[in-house]
Every structure is written in structure tokens, then in C-alpha cells.
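S.K.: Quick one: this structure, given as C-alpha cells, is what I'll be asking you about.
Number of protein chains: 2
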Amino acid sequence: MKIGIIGLGLMGGSLSIAIKKVYKDTEIIGFDHNDQHCIEALEYNLVDKVIDDINDFYGVDILFLAVPVDGIIKIVKQLSKVDKKTAIVDLGSTKALILNSVPTDIRQNFVAAHPMTGTEKSGPTAAIDNLYHGKAIVLCNIEDSGESQHQLAKQIFTNIGMKIFYMDAKEHDRHAAYISHMPHALSYALANAVMKQEDPKAIIALAGGGFRDMSRIAKSSPNMWQDIFRQNRQDLLDGIDCFAGELNRCRELIAQEKWDELHSWMDKANRLHEIL
Amino acid sequence: MKIGIIGLGLMGGSLSIAIKKVYKDTEIIGFDHNDQHCIEALEYNLVDKVIDDINDFYGVDILFLAVPVDGIIKIVKQLSKVDKKTAIVDLGSTKALILNSVPTDIRQNFVAAHPMTGTEKSGPTAAIDNLYHGKAIVLCNIEDSGESQHQLAKQIFTNIGMKIFYMDAKEHDRHAAYISHMPHALSYALANAVMKQEDPKAIIALAGGGFRDMSRIAKSSPNMWQDIFRQNRQDLLDGIDCFAGELNRCRELIAQEKWDELHSWMDKANRLHEIL
């Protein structure tokens, strides 16, 4: 099999590691607009070779787009020369706008995917083993993808250990706002709330596991997340408003010293973990 | 050395494990108002024996209060019969109200401590190795503690691998609101925001590491956290308001599509991790 990966950072690099473990006879060809990333990707053996023109991906069986979501929209417009059989799979965190931007002549090639995994780090040096194993991946509007492209993408994601979910792109974006995008906004806001205190160092010196966990994703790349927030703007605003309503309820119960109601509200939150 | 521990849950049980590793010739005596906890603490070898009257701690070198913060306030009022030399160390997450409630005749015995560690679990079965190792512990208003009591507490916490910080109780409570109490409120609110959606199971099925981390402490005991929220009410409200201000700023930048300003705001949040 011949595989192309555009974007050799955390997502693309880790995907390459995962695929190489399962598919031994595979050539993986990479592309990254950042020269340093290309050098590192070769150095860390993430890809077998790198190319400097995306038209040179002609003939690959599957081409993954592992770049920030605005980059995906730019790149899909340049892929018209791709082989009719090639599957093009994007790994973006938003789906509706990306699918709207896919040119009609390659729509059959295209499989819209969102792997629900990542870390707060970025670049080829952040690529890790097992980033994808055991994680969920959402495939959207699959009825518009070609059957062979769908099956190849499904086979690869299944073989690297992912759990596949199917969803409408708009439904995906609503869910992703709650499970991923809005929590990122919270983590950034938490970090900034502490940083604006008089002596943040004295506060942060006391950080235990709870704070470390809650603030971890506040380290995520602003370039990447600015694009996601823009592309999923309305769902994200709805998610933030819903969260703010819950936090305000908590605040009012504390302010009004309604401790029994606060207890019930906390009890309800506990129940999340019966599902998670 | 003879050590007493009141409260044989996560904090008390894990403390016993840590102390036994370092101090081989130590007798650890436990007390818990929950009979099942007493049985489990003996079964898991967390303590050498349990007693059923807190007056029987007479003669211990050091007595740890590892119960929820309202329990600490009740218990300190029953400890007047304690030996003059005994150190009494509470491990509560709040400090000002607890210190205000310590009777004058045992104030010299008392060392107010807050170990910045824990998990979302509770009870003796949640006790783990290394809960305290490498973590921060805050000792408050130490000038009011007896010198020998302070030194013994300091020696034990240092020997189990903790980093000691000294602070005024009010300053501690302000800091703890930002680094621990307010983040717990956020986590509960996040869990409830997702749970009130139309199909929470479909959303939660997609949870990746970010959401899992952010919602982990929403599993914490409502009994324990209701007390903490009540005892540190004003600092917590201030912390929630400060956070809500930051989240609202994020919301407005998104609503008004001020993407460059949003990027700078995220950049600022990134800097937390230069300190953390």
C-alpha cells in the first residue's frame, strides 16, 4: 500500500507510527509546508520520504490531511488531480465547513474523519505511539463518500485499534463543541484567570493533579484552536452558554447558601462517570 | 513513634501507607466513625489497630485529622484531653475557619496543614502508594503552633517526600480557591452541561483525553466538597467570578469574530505552563 500524509505533526506523525506497526509493506510519503518538520519527520523515521509538491501524491491509495482545519479547506481545493481511486481522509476537529468546501469532482474520494484524540503538544517531535489505539473516530456524511474509499479508511482505522462512529457532520460539530471545543475554551480561561492574579507563581506552586489536568489543554496551539473556534463558532458559543448557565447555577447556590441543592447538583455531575 | 489517624479514607489511608514506608518502628492507630471503613483499614493493613473513642488517642506523638473540613471543626472541640506534647495536624482543604475553631487550650498542639494532593475517589479502598510523594503541602499560621509540634509535622511531611510551603491561612484560602476549589466547581459544571444535552451518551462516547481530564474531578464526593465550598465561600465566589470574566471575554471575542485578539488571549494562557 502507498500512503500519503499531509501534515507531519502530532496527528500525522503518530498516525504514521500506528500504520507502520500494522501494515509492514507500506510506503508512507509525507508533505509539510514547514521544512523543519520535514527534516524531523525523516530523522524520527515517521515517513519513508517527503515530497515538496502535493501533486506528487498521484497514485497513493490513501491520502491523510493532518493539518489545522483552515489548512484542510485550502488543501482540498488543490487536490483535483488526484487519482479517481485514492481515498482522501481529513482528520480535522470540525466537519460541516470542511465538507462544504470539498470540490464536487473529488467528493467521492473524500472521507471526513475526526479522531477523538490528541495531546496539548504539536510538531513531529510530539508524535507518539498509541495516540490512536482504543480511541473513538467519527466518520461524517459517509453516504457521500465512495464505497472503496470508505472501506479502506474504515479498515485502516479499525486495524490501528480505533472505534468507529458514524454521524451527520452538523451533529458531529454539536457534539464536538461539548466534548472538545468548549472544554478547550474553559481550560484557556482557567489558565488566564490564575495568571491575572497578583502572585500567580505562588498559586501555581501549589498545583495538584486536579489543576494540572484541568489546565493541561490550555497549552494547546493557538493557531490550531483559533481555526477550530472560528469554524465551529455557533456550536461553540452554544456550548459555552450552556456551561456558563451551569456554573452560574453553582455560583448562585453558593451565594444563597443553598447547600442541599448544591449537593444535589454535584450528585448529578457525579453521574457522568456512570456513562464515561 | 505512636501515630493516630482520624479518618481512614483516601487521605488518611494513603498517609498511613507513606509513613509506614519511612518509619518502620511506628504504631499507627486509627479511628473512623464509619465501621466499614475501620474493617477495611485493618483488612488492607492501613493501620495497626482501630479504636472507638477519640479520647483513647492520649499519648500519641502525632494525631492526623483526615476527615472532611466540617468534621475537623467538630473534632478539634473534643480533643482537650490530648497530651500537652501531642501534635494535632489537620489535612483540610480550607484553613481560616478551621484555625478559628481550634480551642485556645490546644492551639499550641495544632498544626494546620493542606496537602495539595488527592484523587476523585474516597474511602480506605481508594488509599494508594505515593499519594503524597513530590506534592506540595501548605502549613498555615505556624507561629501559633508549638515548636516541637511544628518540627515533628515538618519532619514527617519532609520524610514522605513533600515540599513544604508556609502561608497565612487567609492567603492559603485565596490561593486554594484558584488552584483547587474553583476548578472543582468548573468540572462539576462541565459534567452537568454535557449531561443536560439531548443525547449525553452519544456525546460522551466520543470523549478523548481532554474531556476525561477536565471532568475527572466532577466525580469527587459531594459531601466533602459541599463542606469545602461552604467554608471557603467568599474566596470561591471571587474565583468563579474571575474565571467567568475570562470565559466571557473568550465568548465575546468569538461572537465578535476578533480572531487576532482571541489568538493573543490563548497565547497568554499558554504561558501558564512556563511556570507550572
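Chains as they are written, first to last, in my numbering: chain D, 1 to 276; chain U, 277 to 552.
Just so it is clear, CB atoms sit at the ideal spot from N, CA and C, and this is done for glycine as well.
Every value quoted in this text rests on a predicted model; they were computed, and no experiment measured them.
Check whether the Cβ of Lys24/D lies closer than 7 Å to any heavy atom of the ligand GDP, and answer yes or no.
M.R.: The ligand GDP is not among the ligands present in this structure, which contains no ligands whatsoever.
S.K.: Please state whether the Cβ-Cβ distance between Ala9/D and Ser122/D is less than 8 Å.
M.R.: Mapped onto the first sequence, residue 9/D falls at position 9. Mapped onto the first sequence, residue 122/D falls at position 122. Reading off the sequence, residue 9/D comes out as Gly, not Ala. Cβ atoms of Gly9/D and Ser122/D: closer than 8 Å.
S.K.: For a contact defined as C-beta to C-beta under 9 Å, what are the partners of Phe441/U on chain D?
M.R.: Residue numbering aside, residue 441/U sits at position 165 when the second sequence is read from its first letter. Within chain D, the residues near Phe441/U are Ala202, Ala205, Leu206.
S.K.: Measure the CB-CB distance between Ile504/U and Val345/U and report whether it falls below 8 Å.
M.R.: Counting from one through the second sequence, the residue named residue 504/U turns up at place 228. Counting from one through the second sequence, the residue named residue 345/U turns up at place 69. Cβ atoms of Ile504/U and Val345/U: closer than 8 Å.
S.K.: Taking the C-alpha atoms as reference points, what is the distance between Leu131/D and Asn159/D?
M.R.: For this step, residue 131/D is matched to residue 131 along the first sequence. For this step, residue 159/D is matched to residue 159 along the first sequence. Their Cα atoms are separated by approximately 14 Å.
S.K.: Counting only beta-carbon atoms, is Lys357/U nearer than 8 Å to chain D?
M.R.: Indexing the second sequence from 1 puts residue 357/U at position 81. Cβ-Cβ to chain D under 8 Å: no for Lys357/U.
S.K.: For Leu548/U versus Ala202/D, is the C-beta distance shorter than 8 Å?
M.R.: As a first step, residue 548/U is located in the second sequence; it is residue number 272 there, counting from the start. As a first step, residue 202/D is located in the first sequence; it is residue number 202 there, counting from the start. Not closer than 8 Å, so no.
S.K.: Pairing CB atoms from the region 369-378 of chain U with CB atoms from the region 523-533 of chain U, are three or more of them under 8 Å?
M.R.: No: the two stretches stay apart, fewer than three of their Cβ pairs being nearer than 8 Å.
S.K.: Determine, using beta carbons only, whether Ile493/U comes closer than 8 Å to chain D.
M.R.: Counting from one through the second sequence, the residue named residue 493/U turns up at place 217. Answer yes: the Cβ-Cβ gap between Ile493/U and chain D drops below 8 Å somewhere.
S.K.: Using a beta-carbon distance cut-off of less than 9 Å, what residues from the region 112-136 of chain D approach chain U?
M.R.: So the list reads His114, Pro115, Met116, Thr117, Gly118, Thr119, Glu120, Lys135, Ala136, given in the order they occur along the chain.
S.K.: With distances taken from CA atoms, which of Met471/U, Lys544/U, Gly335/U is nearest Phe243/D?
M.R.: As a first step, residue 243/D must be located in the first sequence, where it is residue number 243. The residue with the shortest Cα to Cα distance from Phe243/D is Met471/U.
S.K.: Measure the Cβ-Cβ separation of His457/U and Asn508/U and say whether it is below 8 Å.
M.R.: Locating residue 457/U in the second sequence gives position 181, where the first residue counts as 1. Locating residue 508/U in the second sequence gives position 232, where the first residue counts as 1. Yes, they are a contact pair.
S.K.: Write down the C-beta distance between Gly134/D and His114/D rounded to the nearest angstrom, noting that I regard them as a contact closer than 8 Å.
M.R.: The residue you call residue 134/D lines up with position 134 of the first sequence. The residue you call residue 114/D lines up with position 114 of the first sequence. Wrong, their Cβ atoms sit about 16 Å apart, outside the cutoff.
S.K.: Nearest by alpha-carbon distance to His150/D: which of Val67/D, Lys163/D, Asn109/D, Leu190/D is it?
M.R.: Residue numbering aside, residue 150/D sits at position 150 when the first sequence is read from its first letter. Measuring from the Cα of His150/D, the nearest candidate turns out to be Asn109/D.
S.K.: Determine contact between the region 348-368 of chain U and the region 170-180 of chain D, defined as no fewer than three beta-carbon pairs at a distance below 8 Å.
M.R.: Counting Cβ pairs under 8 Å, fewer than three are found: no touch.
S.K.: Verify whether the separation of the beta carbon atoms of Asp105/D and Ser80/D is less than 8 Å.
M.R.: By 1-based counting over the first sequence, the position of residue 105/D is 105. By 1-based counting over the first sequence, the position of residue 80/D is 80. Yes.
S.K.: Counting only beta-carbon atoms, is Gly486/U nearer than 8 Å to chain D?
M.R.: Looking up residue 486/U in the second sequence gives position 210. For Gly486/U, the answer is yes, since a Cβ of chain D falls inside 8 Å of its Cβ.
S.K.: Do you know how far the Cα of Ile17/D is from the Cα of Asp129/D?
M.R.: Numbered from its first residue, the first sequence carries residue 129/D at position 129. Numbered from its first residue, the first sequence carries residue 17/D at position 17. Cα-Cα distance, rounded: 6 Å.
S.K.: Where Val298/U and Gly486/U are concerned, what is the direct C-alpha to C-alpha distance, given to the nearest angstrom?
M.R.: Taking the second sequence and counting its residues from 1, one reaches residue 298/U at position 22. Taking the second sequence and counting its residues from 1, one reaches residue 486/U at position 210. So the two alpha carbons sit approximately 36 Å from each other.
S.K.: Would you call the CB atoms of Val358/U and Lys278/U closer than 8 Å?
M.R.: Here residue 358/U refers to the residue found at position 82 of the second sequence. Here residue 278/U refers to the residue found at position 2 of the second sequence. Their beta carbons are not under 8 Å apart, which means Val358/U does not touch Lys278/U by this criterion.
S.K.: Assuming Cys140/D and Ala112/D make a contact with CB atoms under 8 Å, what is their CB distance in whole Å?
M.R.: The sequence position of residue 140/D within the first sequence is 140, counting from 1. The sequence position of residue 112/D within the first sequence is 112, counting from 1. The pair is a contact, with the Cβ atoms about 4 Å apart (cut-off 8 Å).
S.K.: Excluding the five sequence neighbours on either side, which residues of its own chain have a C-beta within less than 8 Å of the C-beta of Arg216/D, listed in chain order?
M.R.: Against the first sequence, residue 216/D aligns to sequence position 216. Same-chain partners within the cutoff: Glu120, Ser187.
S.K.: Across which residues does DSSP place Leu339/U in a beta bridge pair?
M.R.: Taking the first residue of the second sequence as position 1, residue 339/U is located at position 63. For Leu339/U, which the question treats as bridged, DSSP gives the partners Gly280/U, Ile364/U.
S.K.: Between Lys350/U and Ser221/D, what straight-line distance do the alpha-carbon atoms span, to the nearest angstrom?
M.R.: As a working mapping, residue 350/U is identified with position 74 in the second sequence. As a working mapping, residue 221/D is identified with position 221 in the first sequence. For Lys350/U and Ser221/D, the distance between alpha carbons rounds to 48 Å.
S.K.: Between the beta-carbon of Trp535/U and the beta-carbon of Gln234/D, is there less than 8 Å?
M.R.: In the second sequence, the residue the question calls residue 535/U occupies position 259. In the first sequence, the residue the question calls residue 234/D occupies position 234. No.
S.K.: What three-state label does DSSP hand Met443/U in the structure shown?
M.R.: Looking up residue 443/U in the second sequence gives position 167. Three-state result, Met443/U: strand.
S.K.: If you reduce the DSSP assignment to three classes, tell me which class Gly30/D lands in.
M.R.: Counting from 1 along the first sequence, the entry for residue 30/D is found at position 30. Looking at Gly30/D - three-state DSSP - the assignment turns out to be strand.
S.K.: So is His549/U in contact with chain D if we call contact Cβ pairs under 8 Å?
M.R.: The residue labelled residue 549/U in the question sits at position 273 within the second sequence. Interface residue, yes.
S.K.: Any beta carbon of chain D sitting closer than 8 Å to that of Asn546/U?
M.R.: Within the second sequence, numbered from 1, the residue matching residue 546/U stands at position 270. True, the Cβ-Cβ gap to chain D drops below 8 Å.
S.K.: Classify Pro124/D as buried or exposed, calling it buried when 16 or more other Cβ atoms lie within 10 Å of its own Cβ.
M.R.: One-based indexing of the first sequence puts residue 124/D at position 124. Counting Cβ neighbours within 10 Å, Pro124/D comes out buried, since at least 16 surround it.
S.K.: How about Cys526/U: is its C-beta nearer than 8 Å to some C-beta of chain D?
M.R.: Sequence index remark: in the second sequence, residue 526/U carries index 250 (1-based). By this cut-off, Cys526/U is an interface position.
S.K.: Roughly how many angstroms separate the alpha carbons of Leu322/U and Glu27/D, rounded to a whole number?
M.R.: Taking the first residue of the second sequence as position 1, residue 322/U is located at position 46. Taking the first residue of the first sequence as position 1, residue 27/D is located at position 27. Approximately 56 Å, taken between the alpha carbons.
S.K.: Which residues in the same chain as Leu15/D place their Cβ atom closer than 7 Å to its Cβ, once the five residues preceding and following it in sequence are excluded?
M.R.: Residue numbering aside, residue 15/D sits at position 15 when the first sequence is read from its first letter. Excluding positions up to five away in sequence, the list reads Ile5, Phe64, Ala66, Tyr132.
S.K.: For chain U, find out if any of its Cβ atoms is closer than 8 Å to the Cβ of Ile228/D; answer yes or no.
M.R.: Here the question's residue 228/D lines up with position 228 in the first sequence. No, because no Cβ of chain U sits closer than 8 Å to the Cβ of Ile228/D.
S.K.: What are the partner residues of Lys49/D, as DSSP defines its beta bridges?
M.R.: Here the question's residue 49/D lines up with position 49 in the first sequence. For Lys49/D, which the question treats as bridged, DSSP gives the partners Ile29/D.
S.K.: Output, in chain order, the set of chain D residues within a Cβ distance shorter than 8 Å of Leu373/U.
M.R.: The residue labelled residue 373/U in the question sits at position 97 within the second sequence. Per Cβ cutoff of 8 Å: no residues; Leu373/U is ~14 Å from chain D at best.
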